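Numbering (our numbering), first residue to last: 45 to 236.
Input: a single structure, listed below in structure tokens.
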Amino acid sequence: MPASPDLARTIHVGQAARLATLIDEARAAGAELVAGGEHDVAQRFIAPTVLVDVPEQARVAQEEIFGPVLPVVTFDHIDDVLAQLDGAAKPLALYLWSNDAAQVASVLARSSSGSVVVNHCLQQFMHTGLPFGGIGQSGIGSAHGVHEFKAFSHERAVLRGGPLLTARAFFPPYRGWQQRLATALTAWLARR
């Protein structure tokens with residue numbers, strides 16, 4: 045494989061072997077190779093690969109890939125996709141290409157995934173204002189920006205009583221101004 049200044053290698057030879065196997069198994073099961081497909085496990089090289097007509101039972105359509113391999117899944121009815129998603133492990137990311145706002149809303153309401161990207165791909169990972177993370181077998185918690193800071197740190201709450209925050213003001217028995225304040229707050233909250 046020629047060296048490429050633009051394409052990185054996988055970090056571990058085991059991951060390269062796994063990706064190569066996913067590609068080869070999918071092709072053997074009938075998936076059509078549209079782009080890429082080349083791999084050199086010893087060099088940890090996996091060419092960006094696009095597969096179409098991937099059989100539903102192929103591992104590349106069932107597992108999280110974590111590599112430059114894209115199995116394109118087409119469908120006739122969105123309900124078929126949602127039923128398949130409902131019976132499988134929750135994906136780290138769900139990519140939907142659609143100009144139908146009702147369909148997008150339906151997919152958002154009826155699916156569960158770490159993130160959803162509509163009419164784009166991978167950008168949710170780059171956007172530091174969005175949390176990135178999975179659920180279920182795909183992981184827990186979120187990372188990136190402030191979400192990462194909050195996920196991997198512990199914000200310790202400390203509250204100190206004082207002249208305006210005395211325990212007597214908040215606990216029974218309520219008398220005088222305490223009763224009037226409690227009644228006013230209750231009425232105000234009921235109107236909201």
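Glycine residues also receive a C-beta, built at the ideal position from the N, C-alpha and C atoms.
Note that the structure is a prediction, hence the values are computed from the model and not measured.
Leu51 carries a coil assignment under DSSP once its states are collapsed to helix, strand and coil. Residue burial annotation: Phe89 is buried, with at least 16 other C-beta atoms found within 10 angstroms of its C-beta. The Cβ neighbour count for Thr118, taken over all protein chains shown within 10 Å, is under 16; the residue is labelled exposed.
The beta-carbon distance between Val160 and Leu166, rounded to whole angstroms, is 13 Å. This is too long to meet the 8 Å contact definition. A residue is called buried when at least 16 other Cβ atoms come within 10 angstroms of its Cβ; Ile55 does not meet this threshold and is exposed. Cβ contact annotation for Ser157 (same chain, cutoff 6 Å, sequence separation greater than five): Lys134, Pro135 and Leu138, in chain order.
The beta-bridge partner set that DSSP reports for Pro115 consists of Leu95. Within its own chain, the residues whose Cβ lies closer than 7 Å to the Cβ of Asp97, once the five positions on either side in sequence are excluded, are Gly74, Ala75 and Glu76, listed in chain order. In terms of Cα proximity to Arg62, the closest of Ile122, Glu107, Asp50 and Ala72 is Glu107.
Distance between His171 and Arg212, taken at the CA atoms: about 48 Å. Here DSSP, grouped into helix, strand and coil, assigns Ile90 to strand.
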